[in-house]
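Worksheet: one structure, shown below.
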Amino acid sequence: MKTKLLRFTILLFITFLMISCASEEILSAENTVLEFKINDQYLITNAEIDEQTGIVTKRLPEFIDFKNLNIDLKISESASITPDPKTIKDYSSPVTFIVKSESGLEKTYLVKLEHMDINRYESCTDSNAHKWFGGDNRTNAPDILPFDRNIGTGQTVLLNKDLVPSRFGIHLREGFAYYETKTLYGEEVKLKLIIRDETKKTIASTETIVSANFSGGFISFDLQNQYLLLEAGKKYVFYWYLVDGAALGIMAGSSGDTTNGSGFCFQTGYSGDSKIRNKTTLEDLSVWGEHPWHFNMELEGKE
Numbered sequence: 010m011k012t013k014l015l016r017f018t019i020l021l022f023i024t025f026l027m028i029s030c031a032s033e034e035i036l037s038a039e040n041t042v043l044e045f046k047i048n049d050q051y052l053i054t055n056a057e058i059d060e061q062t063g064i065v066t067k068r069l070p071e072f073i074d075f076k077n078l079n080i081d082l083k084i085s086e087s088a089s090i091t092p093d094p095k096t097i098k099d100y101s102s103p104v105t106f107i108v109k110s111e112s113g114l115e116k117t118y119l120v121k122l123e124h125m126d127i128n129r130y131e132s133c134t135d136s137n138a139h140k141w142f143g144g145d146n147r148t149n150a151p152d153i154l155p156f157d158r159n160i161g162t163g164q165t166v167l168l169n170k171d172l173v174p175s176r177f178g179i180h181l182r183e184g185f186a187y188y189e190t191k192t193l194y195g196e197e198v199k200l201k202l203i204i205r206d207e208t209k210k211t212i213a214s215t216e217t218i219v220s221a222n223f224s225g226g227f228i229s230f231d232l233q234n235q236y237l238l239l240e241a242g243k244k245y246v247f248y249w250y251l252v253d254g255a256a257l258g259i260m261a262g263s264s265g266d267t268t269n270g271s272g273f274c275f276q277t278g279y280s281g282d283s284k285i286r287n288k289t290t291l292e293d294l295s296v297w298g299e300h301p302w303h304f305n306m307e308l309e310g311k312e
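The sequence shown lines up with residues 10 to 312 when you count with my numbering.
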């Protein structure tokens with residue numbers, strides 16, 4: 010009887026040790042910041058996390074208020090973090106977080122945010138061809154009705170660094186005129202710019218007035234109040250067209266380059282063709298398609 014009791018006691022003790030060891034083994038040592046997301050009214054973006062140094066960095070537009078910033082911070086499962094990110098709004102100076110694993114290991118992260126304050130200017134001015142831009146008043150052109158179509162132009166923008174654009178410029182060879190009679194229009198007109206991201210979603214649009222005495226050159230669109238952040242490595246397409254171009258029946262030439270190359274100035278061009286008879290406009294994505302030329306443009310902002 011005593012032997013059985015002793016064996017039972019030993020078995021219980023061994024079981025207790027095994028349970029204790031198992032409990033210790035499942036304690037996680039993970040103490041990582043997995044994601045540092047910035048949620049602002051104007052943009053949502055992720056900061057860069059250097060796991061070796063523990064430094065979290067991001068350059069953000071100057072319109073972002075570092076003293077009142079909303080952050081979503083994701084850490085390893087079962088880990089804890091101090092201070093509570095929900096209580097921190099002011100990132101105008103570096104902020105330190107300590108992530109503690111379930112097993113007690115600690116890792117320090119230092120958040121250092123900066124404003125994008127370095128000026129950048131890109132210009133594509135080489136031109137050896139010109140594409141129709143605007144309306145059409147011709148009465149003798151095959152398959153074309155007068156005062157029916159409106160032709161727009163577009164160009165892909167691909168950057169190697171994040172940029173907050175303040176101005177975008179497009180180039181026309183000459184002032185607007187009636188093609189059939191070569192008569193200058195001689196009045197101010199309005200151009201519209203639409204910017205779409207990689208998913209073809211419209212992220213901004215704006216208009217600009219072209220003066221009556223415009224005779225060719227760059228035309229600027231003001232982007233300062235668009236609160237845009239163009240992210241590096243992502244393709245954006247800028248589309249522009251003459252407002253009421255079909256009804257006006259006037260045209261100009263979009264300046265472009267037919268040569269092959271690489272870099273900022275040699276991304277994909279676009280052309281749009283809407284028709285009143287088809288009940289389409291240049292707001293419709295379906296009327297736009299890729300064009301083999303690269304169209305002249307200017308882009309200015311801060312990185």
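Heads up, the beta-carbon is just placed ideally off N, CA and C, and yes, glycines get one too.
Can residue i and residue j be called in contact, C-beta distance under 8 Å?
i    : j    : result
I64  : L119 : yes
G4   : M260 : The shown model of the chain, from 10 to 312, leaves out residue 4, and the question about it has no answer.
L291 : G298 : no
K121 : P103 : yes
E312 : K170 : yes
E57  : K46  : no
A88  : E111 : yes
E131 : F273 : yes
I228 : G178 : yes
K194 : R147 : The sequence shown places Tyr at residue 194, rather than the Lys named in the question. Cβ atoms of Y194 and R147: not closer than 8 Å.
V166 : G310 : no
S263 : H139 : yes
W249 : G161 : yes
Q164 : G278 : yes
S271 : L232 : no
L239 : L168 : yes
Within a Cβ cutoff of 6 Å, which residues of the same chain sit near residue i, ignoring the five residues on either side of it in sequence?
i    : result
T215 : L202 and F230
K284 : D157 and R158
D135 : D266
F275 : H303
K116 : N40 and V108
A38  : S110, S112 and L114
S101 : F75 and K76
N55  : K46
D293 : none
F106 : I90 and Y118
For residue i, count neighbouring Cβ atoms within 10 angstroms of its own Cβ and tell me buried if that reaches 16, exposed if not.
i    : result
S295 : exposed
D152 : exposed
N269 : exposed
D126 : exposed
T96  : exposed
Q235 : buried
L36  : exposed
S32  : Here S32 scores only 47 on pLDDT, less than 50, and its place in the model is too uncertain to base an answer on.
Q50  : exposed
A255 : buried
P301 : exposed
Grab me the residues of residue i's own chain with a C-beta within less than 8 Å of its C-beta, minus the 5 sequence neighbours each way, in chain order.
i    : result
I212 : I204, R205, D206, L237 and Y245
I84  : N40, T41, V42, L43, I90 and V108
G226 : H180 and L181
H124 : R68, L69, P70, E71, I73 and F75
N79  : I47, N48, D49 and K98
V252 : V198, K199, L200, K201 and E216
Skipping 5 residues on each side, what residues in its chain have a beta carbon closer than 7 Å to that of residue i?
i    : result
R314 : The chain is shown only over 10 to 312; residue 314 falls outside these bounds and no answer can be derived.
F313 : Residue 313 is absent from the model: the chain starts at 10 and stops at 312.
Whole-angstrom Cβ separation of residue i and residue j, contact assumed at under 8 Å?
i    : j    : result
N48  : D81  : 6 Å
A221 : E183 : Rounded, the Cβ-Cβ distance is 14 Å, inconsistent with contact.
Is residue i close to chain B? Criterion is C-beta to C-beta, closer than 8 Å.
i    : result
L202 : No chain B is part of this structure, which consists of one protein chain only.
Next item on the list: Quick one: which unbroken beta strand (DSSP E) runs of 3-plus residues sit fully inside the stretch 150 to 221? Chain order, please.
Entry: 158 to 167, 173 to 181, 198 to 205 and 211 to 219
Checklist line | Runs of beta strand (DSSP E) wholly within the stretch 62 to 131 (minimum 3 residues, chain order) | finding: 64 to 69, 79 to 84, 89 to 91, 104 to 109 and 115 to 124
Next item on the list: List in chain order: all unbroken beta strand (DSSP E) runs of 3+ residues lying wholly within the stretch 224 to 251.
Entry: 226 to 231 and 244 to 251
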